[in-house]
Structures are given as structure tokens and as C-alpha cells.
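Sequential numbering from 1 applies to the sequence shown in full-length UniProt numbering.
For every residue, glycine included, the Cβ atom is placed at its ideal position computed from N, Cα and C.
Read the structure below first, then the notes.
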Amino acid sequence: MAKDSIIKIRNVSFTYPDTTSPAINNISFDIKRGSWTSIIGHNGSGKSTIIRLINGLLVPDNKNSPYIEVDGTELTDKTVWNIRDKVGIVFQNPDNQFVGATVADDVAFGLENRGVPRSKMLKIVPEAIKAVGMDDYTNAEPSNLSGGQKQRVAIAGILAIQPKIIILDEATSMLDPSGRSKILQIVHQMKKKDNLTVVFITHDIDEANLADQIIVMNNGGLVDQGNTKEIFSKVKLLKSLGLDVPFASQVKEKLLQSGISIPKEINSEKELINYLCQSNSKK
Ligand SMILES: Nc1ncnc2c1ncn2[C@@H]1O[C@H](COP(=O)(O)OP(=O)(O)OP(=O)(O)O)[C@@H](O)[C@H]1O
Ligand SMILES: [Mg+2]
């Protein structure tokens, strides 16, 4: 499997009009093709802004020679539409994302835009709607749906277009636990089947824990980057940024404070319980 970078961000800053300090401050990072990246950071740290920069909805400040590349193509005025075809984003607030009069129209919209033949659409649209458990609402008006139902429809719209990159900006925050795990399962299947690249912005530490790579943002900057083991072992750093820490990492930290050191490779709750039971039974 190719492990090249599908997204490259170099020296990107962005300042919203009529504001004085940058929302994104000289950020650089890579996202590997076929990987799952979680972006974490407290409210206002710049997570949604960086997403809007990746698909050209916002244009970087003209300093430090910023560079954004998606799937081997530099993002410019000329390539922006081509790049948007490859990146499916479910935005934080799905209300701003609906264009269709019914759920089915809405899910079909992205396919229509991409010139997908009607015969194909008639197959894909109901499949995507069913995948998110909204088949009873096919002809409903999106504006009349609940928050979680809107999120499901927005996700169906992205599943239907089968993009190379899927970016979910707190896209499951309003879903109930079973809806949430179902969506995660579908995204996992797509990732495996089509080598999809997933970028997941979330405040949910268990969701973040599913990633291959975690990017930690604070005040518009990238504070740290690494795999889940590396990042979640930095309990002090995460706490200082006001972020949640997985339960097992917190227990490890407390044990360390009492003089009990747990090996680095023990990270999940299950591994920790097994390790503690085994070391206790040896005594
Ligand atoms: N349209 C806008 N105009 C001016 N400032 C904005 C605008 N949108 C966001 N900002 C500011 O830019 C900064 C980054 O915002 P952003 O929405 O990217 O944060 P976030 O990490 O996604 O936060 P959250 O977790 O709340 O979604 C914040 O300080 C915010 O107030
Ligand atoms: Mg946001």
C-alpha cells in the first residue's frame, strides 16, 4: 500500500478578515494516503479553519510562501474544483450544508455535480441513505430533521460520492452511541476497501484513539503530532491544553506518581488490567 502523503501543508497561516491575530499560525504537516488522522484541540484552536484551507474555502495569508497540496496537486485557483472533488467534508454544522428539498435530493446533489449517470445514482443514493439508517426519511425535508439526523444525512452525502479523502468535523457529535459506532464502522469499511484517507476532528477521546496519527492544535498552532501511544502518554501536555486523556493513560500516570512504572507498550484499558492482574499474581 502506498504510504505517500495525500495532504501536504507547509507554512500556512490564516487571519480572518477584521481580526488581528491569526486563527492559523504557520502550520506544516503531512497526512499519509490511506491513514486515519485525528485532529484534537480545544474550542477555537483552529481545527475547522485548517479544514477550510485544505479544500480552498479559505485562502492562506500571503506570508512565508504557504503551500497546500492534495493528492499530488498544488491547491491553486485553477485546481480548487478538482481538489474539492477528491475531498468530502462533513462540516461541523450540517445546517449550512443542505441544498436539496428532500433527503434523497440532498444526497444525490454531489453525484449530480460530478456528472454521475442517473441509473447509477438511483442505486447509490438509497444505499448511502440506508447505510446511515435514514431510509425512513428519504422524502423528508432536511430542515425538519433533528441535529443527529441531519448529521447522518450529511454523512450519507459524502459516502455517496466516495471521495479519496473524507474529513469529518465533529460530524458525529450529535449522534447517539449506536449511530456513532455504526458510522465509524462504515468509515472503517470504506477505508479498508478503497484505501480512503480519513481526517477526524473530535473532542471524543475514544474516537481520537482510533487514529493512526493524532495532530494536537492550540491557539492556531500545531503543538504535537504522533501516534496514539505517543500522544496519549503525554498526560501533562494534554491536561495543560485542557484536553481529555484516555482513562488508561490517567491510571498509568497516577501509578507512576506512586512509584509503580508501567511499560510503555501497555496502553489500552484491557492491556493495563491484564498487566496489573499478571504482576499481582506473580507476587
Ligand atoms: N468567520 C470567522 N470570522 C472571524 N473569526 C473566526 C471565524 N471563524 C472562526 N474564527 C476564529 O478563528 C479561531 C479558530 O476557529 P475554529 O473554528 O477554526 O476553531 P475550532 O478549533 O474548530 O473550534 P471548535 O472546537 O469550537 O469547533 C477562533 O479564535 C475563532 O474565534
Ligand atoms: Mg470547529
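If distances are taken between C-alpha atoms only, which option among the options comes closest to residue i?
i      : options                           : result
PRO60  : VAL116, ASN26, GLY41 and ILE201   : ASN26
ILE54  : PHE232, ASP135, VAL80 and SER261  : VAL80
ASP206 : THR49, PHE247, LEU159 and ARG114  : PHE247
VAL153 : ARG52, LYS32, ASP105 and GLU253   : ASP105
LEU196 : THR37, LYS8, THR102 and ASN11     : THR37
ILE31  : ILE68, ALA156, GLY46 and LEU184   : ILE68
GLU265 : LEU237, SER281, GLY34 and ASN227  : ASN227
ASN64  : ASN11, LYS270, LYS191 and GLN257  : ASN11
VAL90  : MET174, VAL116, SER35 and GLU230  : MET174
VAL187 : ASP204, PRO163, HIS203 and ASP176 : PRO163
GLU269 : LYS229, GLN257, ILE24 and LYS191  : LYS229
MET190 : GLY34, ILE9 and PRO17             : GLY34
ILE166 : ASP194, SER146 and LEU145         : ASP194
PRO66  : LEU168, PHE98, ASN93 and PHE29    : PHE29
ASP204 : GLN278, ASP169 and ASP224         : ASP169
Please go through the same chain and pick out, in chain order, the residues whose beta-carbon is closer than 8 Å to the beta-carbon of residue i, but skip the five residues on each side of it.
i      : result
PRO22  : SER13, PHE14, THR15, ASP61 and GLY220
HIS42  : ASN218, LEU241, GLY242 and LEU243
ASP176 : GLY148
THR73  : THR79, ASN82 and ILE83
LEU272 : ALA248, VAL251, LYS252, ILE262 and ILE266
LEU58  : PHE14, THR49 and ARG52
Please list the terminal residues of the continuous alpha helix (DSSP H) segment that includes residue i.
i      : result
GLY88  : Taken as a continuous stretch (DSSP letters only), GLY88 belongs to no alpha helix (DSSP H), being part of the beta strand (DSSP E) at 87-90.
THR138 : Neither: THR138 is in no alpha helix (DSSP H) and is coded neither H nor E.
MET121 : 118-131
LEU222 : Note, LEU222: premise wrong, no alpha helix (DSSP H); beta strand (DSSP E) at 221-226.
Please list the terminal residues of the continuous beta strand (DSSP E) segment that includes residue i.
i      : result
SER28  : 24-32
LYS264 : From DSSP, LYS264 is part of no beta strand (DSSP E); its letter is neither H nor E.
ARG10  : 5-14
THR197 : 197-201
VAL216 : 213-218
VAL245 : Where VAL245 is concerned, there is no enclosing beta strand (DSSP E), given that its DSSP letter is neither H nor E.
Quick one: what's got a C-beta closer than 7 Å to residue i's C-beta in the same chain, skipping five residues either side?
i      : result
SER249 : PHE232, SER233 and VAL235
GLY133 : ARG152, GLY179 and LYS182
ALA101 : GLU141
ALA156 : VAL107, ALA128, ILE129, ALA131, VAL132 and MET134
GLN149 : MET134 and TYR137
ILE39  : LYS47, VAL199, ILE201, ILE215 and MET217
LYS239 : VAL245
ILE50  : ILE24 and ILE27
Ignore the nearest five residues each way along the sequence and tell me which others in residue i's own chain have a CB closer than 6 Å to its CB.
i      : result
ILE124 : ALA160
ILE7   : ILE31 and VAL70
ARG84  : ASN55
LYS252 : ILE262
THR19  : none
GLY44  : none
With a cut-off of 7 Å, does the C-beta of residue i fall near any C-beta of chain D?
i      : result
ASP244 : Here there is only one protein chain, and chain D is not present.
Quiz item: Which residues, in chain order, sit with a beta-carbon under 7 Å away from any heavy atom of ligand 2?
Solution: LYS47, SER48, GLN92, ASP169, GLU170 and ILE201
Quiz prompt | Minimum length 4: unbroken alpha helix (DSSP H) runs contained in the region 30-116 | solution = 47-54, 80-86 and 103-113
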